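The block underneath contains the structure these notes are about, expressed in structure tokens.
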Amino acid sequence: MIGVRLTQGSVVACAVDSAGRVVEARAAGRRDDLAAPLTKALSELATHLAEPDSITFDVSADLTLASQLPVTVIRVVPRPPINSDHEIGIDRDLFLVESMHHIEGGHTAMGRELVPLDTSALLSIAGSNSDDARYLVTSVGALITPDHELEVERLITDHSQAASVEGSRVFHSSAFAVRERTALVNHALLPGAEALGTLIAQVAERVFPGSDLFVMTNDGGRVPLSRLMVSPVHSLLAGKATALVGAAALSGVRDGRLLVTRGQESFLGEMLGGELTVIPYAPESVAGRLATPTANWRDVAPEGVRRFADAGRGAWRPPTFVTEEPQAARITRVSDAALHTSLDLGALGAACATLSDWSSQFISVANADELAQRMQTAEARVTARLVTAGAAPSQTRIIESHIATTAYEAPSVVAVRVRGVAGSYPNLDLVEG
Amino acid sequence: MHLDDQDLTHIRTGALFVACSVDPLWCHEQADRALAHMTSSGARPKLVPIEQLPDDALIATIGFVNNGLPLSELRPPGDEFVQSVRILEHALERRVDGIIPLAAANVNALVPMLAGMQLDVPVVDADPQGRVFPRLHQTVFTLAGMRAGPVAVTGPIGESALLTVETPRHAERLVSALAGEFGGWAATAMYPMQASDLRQHGLHGTVSRLLRIGRVLDSAEPTEHKYDLLRRSEGITRIFRARVVDIAGLSRPSAHGEPDRPSSAILIEEDEGRIIQLEIQNELLMVLVDGVIEAAMPDIITMLHPDAASVASLEDLWVGNVLDIVVMAGAPRWYEADGLALVGPEAHQMMPSGMLNRGNR
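Note that the protein sequences, when read in sequence, are chains H and L.
For the first sequence, position 168 matches number 155 in the working numbering, and the numbering has no gaps at all.
Count along the second sequence starting at 1, add 1, and that's the number in the working numbering.
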């Protein structure tokens, strides 16, 4: 297994072989020429080990928003806001919104049409836009009943030469604004992600032609690299999660908290049953809350680190401290609960990460039998995707299969969340310095 | 007093604290709409004590009743409460002189801020719940035998109705059904009453309390200092710092007529390792510590993030999260026999009141 962390021209690659031995290679280059340092780092690892099964990349530091990519925003709502005071705001510094339109339509939680879709208004918009326009569509109730969102996509595609039409329903949130914002961020990341993914694939193919390629996701797992070109937003915040995975692999912590210090930043995460704990949304980081499962890390200020270190005085259970220090030995155990390492935790984490997949849905069910059947279907879908991504069926585990009620909504509507992983972190063979 | 942007932000924080909402976006977006209106119109919400209004002033209670798509999905177009209040005024053949929130908590605490500016009427510093209960008849007005109707309702696509209903309990059933039929919510104007009746039966100072709480929580003070301030000023009785270890959806049979189904969360206390159980149905209903009830409705049970005492929501009940579970008493009126019957644990079909062993009062 190889893990690679890209940081704007610099590359750290880390190989972990089947015996748990760790080899690291670093290369620096220009910010606009990633191919050279990536080739150099991977080629150096190639001199130490046979072709790995997998290479996983943490690209979060190299994902950038294409703020000048114009987009036409279409909101399918039963009744438009009376004035701009009541619209969802869009950060115009981050996104180039060419125009924004409210089209009548939408569905209730039970799948009933609130009002018919105003197709004539939609066709008028599509007709007046340029041929290469890009559209982003969000429809009320689309998480349960996507009919209007799909119909908008079909009509625009059929009646214009649109460059793209994307529906925001692929992002799981019961909030219209969060889905739309996540889709906007994803849209703005796509051009860079496509270029990055292509470059990575080309370089890796030259050095290790038989390896499967993966990308780290915000939950601390990995998915096939092809997903980066479709939903880069799920990799945008993977950096700290990946470092926490590296810290867990290094320290052997499978249940408990980890406090990672890397340069000027410190952050805290938690392992439970051999995996990072995850929350269903990204914290307020890029243009507000995003609908992407994200490792439950939080930044810790220097005084907070000192408080955690003073375990005897505080009421908190002390975390295990893992500090990345370039000048340290590869691994130095400072105390029972503190390690220093010269290894790059991000690259190590990418090498050790498990395959990950999710199924998040809002569903309307009539009875307990139907609910059980829908849960089984969701679990089977997650397992199938993990196997498709390269896992042996025996390696897959459903580590979370959860029904959440939806307060103040219809009792028949529930949120289903299934999280599956494949594999486990390797035991590393490192001699302490 | 006229409220400024900061005041509104603090009220939003206080409203989230008192309610421990399912989704903070409901509150944030309602506050954003009010702030945008303040910016575009130059208007400011006016918050007044009931004493500033004459006895015969007409007061209406306004708020969202939810049943279906949430407010963050099916967003209000902006004129729904103006429409409902105008329908109510037409039925009563006189103008409304002041408004109060259906609940001085969560999104409904912020509804009158925007509607007051749109209608050019003051917001009276009072409400009928002193927190939020899931159903609109769970008010001190019901305890006082007051009428809920006529009730004016407006839905997300502009449909509206006037319900000539008398009893609050019946109004609850009709409005909840309409909210579901509308698609998710009904913007209601109801409990029309004279200022003298509100003075006698309402819960007073409940909106300004949110402002007070918000000022503390939004400050840069350390968490423990904030907690000390809230203990002194708002009567917080318990704080448990605990880590979420399990969540169970559909954890017990649903109470008839309630939106949503019950769920539970299990946490482990950080200090002493005690097991903390939260019972949830739309709101935080009950806290048990090692199996013993520590707090239950009408106690206000809420959650904060330990780092900076920022308000947490039910969305934060994910395995691994460390939260401070905070308990404070509800309005004293709720602890009388008829109050407990209306809003206590037995009203949520959790257990008969005789089983309660609450040691926090």
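Cβ coordinates follow ideal geometry from the N, Cα and C atoms, glycine included.
All of these numbers come straight from a predicted model, not from anything done at the bench.
* Excluding five sequence neighbours on each side, which residues of the same chain lie with their C-beta closer than 8 Å to the C-beta of L/Arg95? -> As a first step, residue 95 of chain L is located in the second sequence; it is residue number 94 there, counting from the start. Counting only residues of its own chain and dropping the five nearest sequence neighbours on each side, L/Arg95 has a CB closer than 8 Å to the CB of Leu59.
* What separation, rounded to the nearest whole angstrom, lies between the Cα atoms of H/Glu438 and H/Val60? -> What the structure shows of chain H is the stretch from -12 to 420, and residue 438 of chain H is not part of that stretch, so it cannot be assessed.
* **Short-range partners of chain L found in the region 67 to 92 of chain H, where Cβ spacing is below 8 Å** => Within the region 67 to 92 of chain H, the qualifying residues are Pro67, Pro68, Ile69, Asn70, Ser71, Asp72, His73, Ile75, Gly76.
* H/Glu252 (DSSP reduced to helix, strand or coil) -> For this step, residue 252 of chain H is matched to residue 265 along the first sequence. Judged by DSSP in its simplified three-state form, H/Glu252 adopts strand.
* Return the chain-ordered ranges of every beta strand (DSSP E) run that is complete within the region 311 to 388 of chain H and spans a minimum of 3 residues. => 319 to 322, 325 to 328, 342 to 351
* Asked: Got a sec? Which residues, its chain only, sit under 8 Å from L/Val320 by beta carbon, not counting five neighbours each side?
  -> As a position in the second sequence, residue 320 of chain L is number 319, starting the count at 1. Val245, Val246, Asp247, Ile248, listed in sequence order.
* What's the gap between the Cα of L/Pro77 and the Cα of H/His73? -> Here residue 77 of chain L refers to the residue found at position 76 of the second sequence. Here residue 73 of chain H refers to the residue found at position 86 of the first sequence. So the two alpha carbons sit approximately 8 Å from each other.
* Reference L/Ala35; option with closest CA among L/Ala20, L/Glu316, L/Leu9 -> As a working mapping, residue 35 of chain L is identified with position 34 in the second sequence. Among L/Ala20, L/Glu316, L/Leu9, the Cα nearest to that of L/Ala35 is on L/Leu9.
* Given that a residue counts as buried once 16 or more other Cβ atoms are within 10 Å of its Cβ, and exposed if not, what is L/His226? -> The residue you call residue 226 of chain L lines up with position 225 of the second sequence. Exposed: under 16 other Cβ atoms inside 10 Å.
* Whose Cβ in chain L lies nearer than 8 Å to the Cβ of H/Ala367? -> Numbered from its first residue, the first sequence carries residue 367 of chain H at position 380. The contacting residues do not exist; H/Ala367 stays about 20 Å from chain L at best.
* Residues that L/Arg87 contacts on chain H, provided the C-beta gap is smaller than 9 Å -> By 1-based counting over the second sequence, the position of residue 87 of chain L is 86. Per Cβ cutoff of 9 Å: no residues; L/Arg87 is ~14 Å from chain H at best.
* To do: Starting from the Cα of H/Ser161, find the closest Cα among L/Thr14, L/Val327, L/Trp27 and give me that residue.
  => Locating residue 161 of chain H in the first sequence gives position 174, counting from the first residue. Among L/Thr14, L/Val327, L/Trp27, the Cα nearest to that of H/Ser161 is on L/Trp27.
* Alpha carbon to alpha carbon, how far is H/Ser411 from L/Met304? Give it in angstroms, no decimals. => For the purposes of this step, residue 304 of chain L is taken as the residue at position 303 of the second sequence. For the purposes of this step, residue 411 of chain H is taken as the residue at position 424 of the first sequence. Using only the alpha carbons, I get a separation of about 34 Å.
* Starting from L/Pro25, follow its DSSP beta bridges and name the residues at the other end. => Position 24 of the second sequence holds residue 25 of chain L. DSSP, once it has assigned bridges, lists no residue as partnering L/Pro25.
* Three-state secondary structure assigned by DSSP to H/Leu223 -> Residue 223 of chain H sits at position 236 when you count from the first residue of the first sequence. The answer is coil: DSSP assigns H/Leu223 none of H, G, I, E or B.
* Are the region 128 to 143 of chain L and the region 195 to 206 of chain L in contact at 8 Å, needing three or more beta carbon pairs? -> yes
* Using a cut-off of 7 Å between C-beta atoms, extract the partners of L/Asp80 located in chain H. => Counted from its first residue, the second sequence places residue 80 of chain L at position 79. Against chain H, a Cβ distance below 7 Å from L/Asp80 picks out Ile69.
* Asked: Applying a beta-carbon distance threshold of less than 9 Å, which residues of chain L neighbour H/Asn283?
  -> Your numbering for residue 283 of chain H matches position 296 in the first sequence. Here the neighbours are Trp319, Val320, Gly321, Asn322.
* **Beta-bridge partners of H/Asp45, as assigned by DSSP** => Position 58 of the first sequence, counted from the start, is the residue given in the question as residue 45 of chain H. BP columns for H/Asp45 point to H/Arg(-8).
* To do: Counting only the same chain and skipping the five closest in sequence on each side, list residues whose C-beta sits under 7 Å from that of L/Phe18.
  => Against the second sequence, residue 18 of chain L aligns to sequence position 17. Here the set comprises Ile214, Leu218, Thr303, Val312.
* Should L/Thr155 and L/Ser161 be called a contact, given that it needs their Cβ atoms to be closer than 8 Å? -> Residue mapping note: residue 155 of chain L aligns to position 154 of the second sequence, counting from 1. Residue mapping note: residue 161 of chain L aligns to position 160 of the second sequence, counting from 1. Yes, the pair counts as a contact, with Cβ atoms nearer than the cut-off.
* If you drop the 5 nearest sequence neighbours on each side, which residues of the same chain put their C-beta closer than 6 Å to that of L/Gly145? -> For the purposes of this step, residue 145 of chain L is taken as the residue at position 144 of the second sequence. Looking at the sequence itself, residue 145 of chain L is Ala, so the reference to Gly does not match. Closer than 6 Å at Cβ, skipping near neighbours: His202.
* Smallest Cα separation from H/Gln251: which of H/Asp416, H/Arg214, H/Pro289? -> Position 264 of the first sequence, counted from the first residue, corresponds to residue 251 of chain H. Nearest of H/Asp416, H/Arg214, H/Pro289 to H/Gln251, Cα basis: H/Pro289.
* **Candidates H/Leu21, H/Val292, H/Val139, H/Phe254, of which the one nearest H/Leu104 by Cα** => Taking the first sequence and counting its residues from 1, one reaches residue 104 of chain H at position 117. Comparing Cα positions, the closest option is H/Val139.
* Under 7 Å by beta carbon: chain H residues contacting L/Ile267 -> As a first step, residue 267 of chain L must be located in the second sequence, where it is residue number 266. Residues of chain H passing the Cβ test: none, with the nearest at roughly 13 Å.
* To do: Name the one or two DSSP bridge partners that H/Leu246 has.
  => Position 259 of the first sequence, counted from the start, is the residue given in the question as residue 246 of chain H. When DSSP reads this structure, H/Leu246 sits in a beta bridge with H/Leu255, H/Phe308.
* Reduced DSSP secondary structure (H/G/I, E/B, other) of H/Val287 -> In the first sequence, the residue the question calls residue 287 of chain H occupies position 300. If DSSP states are grouped into helix, strand and coil, H/Val287 belongs with coil.
* Asked: Taking just the CA atoms, how far does L/Leu230 sit from L/Ser220?
  -> Mapped onto the second sequence, residue 220 of chain L falls at position 219. Mapped onto the second sequence, residue 230 of chain L falls at position 229. The straight-line gap from Cα to Cα measures roughly 11 Å.
* Throw me the rounded Cβ distance for the L/Pro102 and L/Ala92 pair, which I believe falls under 8 Å. => Taking the second sequence and counting its residues from 1, the one referred to as residue 102 of chain L is at position 101. Taking the second sequence and counting its residues from 1, the one referred to as residue 92 of chain L is at position 91. Between L/Ala92 and L/Pro102 the Cβ distance is about 21 Å, and since that is not below 8 Å, they are no contact.
* To do: Ignore the nearest five residues each way along the sequence and tell me which others in L/Ser42's own chain have a CB closer than 8 Å to its CB.
  => For the purposes of this step, residue 42 of chain L is taken as residue 41 along the second sequence, with counting starting at 1. So the qualifying residues of the chain are Met118.
* Asked: Are L/Leu115 and L/Trp186 close, meaning C-beta to C-beta below 8 Å?
  -> Translated into the one-based positions of the second sequence, residue 115 of chain L becomes position 114. Translated into the one-based positions of the second sequence, residue 186 of chain L becomes position 185. Going by C-beta atoms, L/Leu115 is not nearer than 8 Å to L/Trp186.
* Proximal residues to L/Ser1 (C-beta, below 8 Å), its chain only, five neighbours per side dropped -> Residue numbering for chain L in the displayed model covers 2 to 362; residue 1 of chain L lies beyond these limits and cannot be assessed.
* Residue nearest to H/Val196 in terms of C-alpha spacing, selected from H/Glu38, H/Arg406, H/Gln(-5) -> Taking the first sequence and counting its residues from 1, one reaches residue 196 of chain H at position 209. Reading off the sequence shown, one finds Pro at residue 196 of chain H, where the question assumed Val. Measuring from the Cα of H/Pro196, the nearest candidate turns out to be H/Glu38.
* Asked: So, does the CB of L/Leu48 fall closer than 8 Å to a CB anywhere in chain H?
  -> Here the question's residue 48 of chain L lines up with position 47 in the second sequence. Not closer than 8 Å to any Cβ of chain H, the Cβ of L/Leu48 fails to qualify, so no.
* Which residues in chain L sit within 9 Å of H/Leu104, going by Cβ to Cβ distance? -> Numbered from its first residue, the first sequence carries residue 104 of chain H at position 117. Near H/Leu104 there are no residues of chain L at all, since even the closest Cβ is about 14 Å away, more than 9 Å.
* Asked: The beta strand (DSSP E) with H/Arg89 in it runs from where to where?
  -> Against the first sequence, residue 89 of chain H aligns to sequence position 102. For the record, residue 89 of chain H in the displayed sequence is His; it is not Arg. The continuous beta strand (DSSP E) containing H/His89 extends over residues 83 to 91.
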